[in-house]
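J.: So for the sequence shown, this note's numbering puts the first residue at -14; every next one is plus one.
Glycine included, each C-beta is placed from N, C-alpha and C at the ideal position.
As the structure is a prediction and not an experimental result, all values here were calculated from the model.
Below is a structure I'd like to ask you about.
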Amino acid sequence: MSPDFLEFLKDQLHGLGHVTTRRMFSGAGIYCDGVIFALVLGDTLYFKVDDGNRHAYEAEGLEPFTYEAKGRSVSVGAYRRVPERLFDEPDEMLDWARAAVAAGRRAAMGKATRKVKSKTNKRKQKP
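Here's what the structure looks like:
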(Lines of atoms letter the chains of each structure in order from A and count residues from 1; the text may use other names and numbers.)
(Lines give C-alpha, C1' and ligand atoms only; values in the text may rest on other atoms or scores of the structure.)
Protein backbone atom coordinates (compact mmCIF):
# COMPACT_ATOMS: atom_id res chain seq x y z
CA MET A 1 0.00 0.00 0.00
CA SER A 2 1.52 3.26 -1.06
CA PRO A 3 1.29 6.42 1.06
CA ASP A 4 0.38 8.29 -2.14
CA PHE A 5 -2.68 6.05 -2.63
CA LEU A 6 -3.81 6.71 0.96
CA GLU A 7 -3.47 10.47 0.43
CA PHE A 8 -5.37 10.19 -2.85
CA LEU A 9 -8.18 8.35 -1.03
CA LYS A 10 -8.31 10.92 1.76
CA ASP A 11 -8.63 13.65 -0.88
CA GLN A 12 -11.41 11.71 -2.66
CA LEU A 13 -13.28 11.16 0.62
CA HIS A 14 -12.79 14.53 2.32
CA GLY A 15 -16.46 15.43 1.75
CA LEU A 16 -17.56 12.78 4.27
CA GLY A 17 -16.33 14.49 7.41
CA HIS A 18 -13.15 13.99 9.45
CA VAL A 19 -11.41 11.17 7.52
CA THR A 20 -8.39 9.49 9.10
CA THR A 21 -6.34 6.38 8.37
CA ARG A 22 -4.78 3.87 10.72
CA ARG A 23 -2.32 1.15 9.74
CA MET A 24 -3.57 -2.36 10.41
CA PHE A 25 -2.47 -5.81 9.29
CA SER A 26 -0.73 -5.30 5.96
CA GLY A 27 -2.91 -2.35 5.02
CA ALA A 28 -4.91 0.45 6.59
CA GLY A 29 -8.35 1.19 7.96
CA ILE A 30 -10.14 4.36 6.89
CA TYR A 31 -12.31 6.08 9.48
CA CYS A 32 -14.90 8.84 9.30
CA ASP A 33 -15.45 10.63 12.59
CA GLY A 34 -13.97 7.62 14.40
CA VAL A 35 -16.04 4.95 12.61
CA ILE A 36 -14.23 2.45 10.39
CA PHE A 37 -15.85 2.21 6.98
CA ALA A 38 -13.10 1.07 4.62
CA LEU A 39 -9.98 -1.06 4.31
CA VAL A 40 -7.03 -0.58 1.99
CA LEU A 41 -4.91 -3.60 1.13
CA GLY A 42 -2.27 -3.16 -1.51
CA ASP A 43 -3.75 -0.52 -3.74
CA THR A 44 -7.28 -1.89 -3.43
CA LEU A 45 -10.08 -0.11 -1.58
CA TYR A 46 -12.83 -2.07 0.19
CA PHE A 47 -15.95 -0.47 1.69
CA LYS A 48 -17.98 -1.69 4.66
CA VAL A 49 -21.11 -3.58 3.57
CA ASP A 50 -24.29 -4.66 5.33
CA ASP A 51 -27.93 -5.23 4.39
CA GLY A 52 -28.33 -1.50 3.73
CA ASN A 53 -25.88 -1.34 0.83
CA ARG A 54 -25.02 -4.94 -0.15
CA HIS A 55 -27.40 -4.90 -3.14
CA ALA A 56 -25.29 -2.24 -4.92
CA TYR A 57 -22.19 -4.43 -4.71
CA GLU A 58 -24.09 -7.51 -5.83
CA ALA A 59 -25.49 -5.58 -8.81
CA GLU A 60 -21.89 -4.75 -9.79
CA GLY A 61 -20.89 -8.42 -9.39
CA LEU A 62 -18.44 -7.67 -6.57
CA GLU A 63 -17.60 -10.56 -4.27
CA PRO A 64 -16.80 -10.28 -0.55
CA PHE A 65 -13.22 -9.50 0.48
CA THR A 66 -11.16 -12.69 0.81
CA TYR A 67 -7.66 -13.45 2.02
CA GLU A 68 -5.47 -16.51 2.48
CA ALA A 69 -4.77 -17.79 5.99
CA LYS A 70 -3.17 -21.09 6.96
CA GLY A 71 -3.56 -22.44 3.45
CA ARG A 72 -7.26 -21.66 3.07
CA SER A 73 -9.33 -18.82 1.70
CA VAL A 74 -11.24 -16.74 4.26
CA SER A 75 -14.17 -14.58 3.16
CA VAL A 76 -15.03 -11.36 5.00
CA GLY A 77 -18.55 -10.49 3.90
CA ALA A 78 -18.54 -7.16 5.74
CA TYR A 79 -16.20 -5.61 3.13
CA ARG A 80 -16.31 -5.55 -0.67
CA ARG A 81 -14.02 -4.08 -3.30
CA VAL A 82 -15.05 -0.66 -4.54
CA PRO A 83 -15.88 -0.63 -8.27
CA GLU A 84 -12.94 0.77 -10.26
CA ARG A 85 -15.24 3.12 -12.18
CA LEU A 86 -15.91 5.11 -8.99
CA PHE A 87 -12.36 6.50 -9.03
CA ASP A 88 -13.42 8.47 -12.12
CA GLU A 89 -16.76 9.49 -10.58
CA PRO A 90 -15.97 11.43 -7.37
CA ASP A 91 -19.61 12.29 -6.59
CA GLU A 92 -20.71 8.68 -6.92
CA MET A 93 -17.65 7.58 -4.91
CA LEU A 94 -18.88 9.82 -2.08
CA ASP A 95 -22.38 8.32 -2.31
CA TRP A 96 -20.96 4.80 -1.94
CA ALA A 97 -18.65 5.98 0.84
CA ARG A 98 -21.58 7.55 2.73
CA ALA A 99 -23.42 4.22 2.52
CA ALA A 100 -20.27 2.48 3.84
CA VAL A 101 -20.02 4.96 6.73
CA ALA A 102 -23.68 4.28 7.55
CA ALA A 103 -22.93 0.53 7.52
CA GLY A 104 -19.96 1.16 9.82
CA ARG A 105 -22.15 3.14 12.22
CA ARG A 106 -24.79 0.40 12.27
CA ALA A 107 -22.09 -2.18 12.99
CA ALA A 108 -20.69 -0.04 15.81
CA MET A 109 -24.19 0.41 17.29
CA GLY A 110 -24.75 -3.33 17.13
CA LYS A 111 -21.50 -3.97 19.00
CA ALA A 112 -22.40 -1.41 21.66
CA THR A 113 -25.85 -2.97 22.11
CA ARG A 114 -24.36 -6.46 22.45
CA LYS A 115 -21.89 -5.20 25.10
CA VAL A 116 -24.69 -3.60 27.14
CA LYS A 117 -26.82 -6.75 26.92
CA SER A 118 -23.84 -8.89 27.95
CA LYS A 119 -23.14 -6.70 31.00
CA THR A 120 -26.84 -6.70 31.94
CA ASN A 121 -27.02 -10.49 31.70
CA LYS A 122 -23.89 -10.87 33.86
CA ARG A 123 -25.43 -8.65 36.55
CA LYS A 124 -28.64 -10.70 36.51
CA GLN A 125 -26.67 -13.92 37.01
CA LYS A 126 -24.98 -12.73 40.23
CA PRO A 127 -26.51 -14.30 43.38
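Use the C-beta contact count for proline 68: other C-beta atoms within 10 angstroms, 16 or more gives buried, fewer gives exposed.
T.: For the purposes of this step, residue 68 is taken as residue 83 along the sequence shown, with counting starting at 1. That one is buried.
J.: According to DSSP, is leucine -2 helix, strand or coil?
T.: Stepping through the sequence shown from its first residue, residue -2 is reached at position 13. Here leucine -2 sits in helix by DSSP.
J.: Which one of Arg57, His3, Leu30 and Phe50 has the shortest CA to CA distance from tryptophan 81?
T.: In the sequence shown, the residue the question calls residue 81 occupies position 96. The shortest C-alpha separation from tryptophan 81 is found at Leu30.
J.: Helix or strand or just coil, what does DSSP make of phenylalanine 32?
T.: For this step, residue 32 is matched to residue 47 along the sequence shown. Residue state, collapsed to three classes: strand.
J.: Counting pairs of beta carbons, one from the segment 47 to 54 and one from the segment 77 to 93, are three or more of them closer than 8 Å?
T.: These segments do not touch.
J.: Based on DSSP bridge pairs, tell me the residues matched to glutamate 53.
T.: Within the sequence shown, the letter at position 68 stands for residue 53. DSSP output for glutamate 53 lists Ser58 as bridge partner(s).
J.: Tell me the DSSP secondary structure of methionine 9 in three-state form.
T.: Taking the sequence shown and counting its residues from 1, one reaches residue 9 at position 24. Strand, per DSSP.
J.: Any idea what DSSP makes of glycine 37, helix, strand or coil?
T.: Along the sequence shown, read from residue 1 onward, the residue named residue 37 stands at position 52. Looking at glycine 37 - three-state DSSP - the assignment turns out to be coil, as it is neither helix nor strand.
J.: Kindly indicate the opening and closing residues of the beta strand (DSSP E) around phenylalanine 22.
T.: Mapped onto the sequence shown, residue 22 falls at position 37. Looking at the DSSP string, the run of the beta strand (DSSP E) that includes phenylalanine 22 is 20 to 26.
J.: Quick one: using the 10 Å Cβ neighbour count with 16 as the cut-off for buried, is glycine 89 buried or exposed?
T.: Looking up residue 89 in the sequence shown gives position 104. That one is buried.
J.: Going by Cα to Cα distance, which pick from Leu1, Ser(-13) and Leu(-2) is closest to serine 11?
T.: Start at 1 with the first residue of the sequence shown, and residue 11 comes out as number 26. Out of Leu1, Ser(-13) and Leu(-2), Ser(-13) has the C-alpha closest to the C-alpha of serine 11.
J.: Quick one: what's valine 4 bridged to in DSSP?
T.: Position 19 of the sequence shown, counted from the start, is the residue given in the question as residue 4. Bridge partners of valine 4: Cys17.
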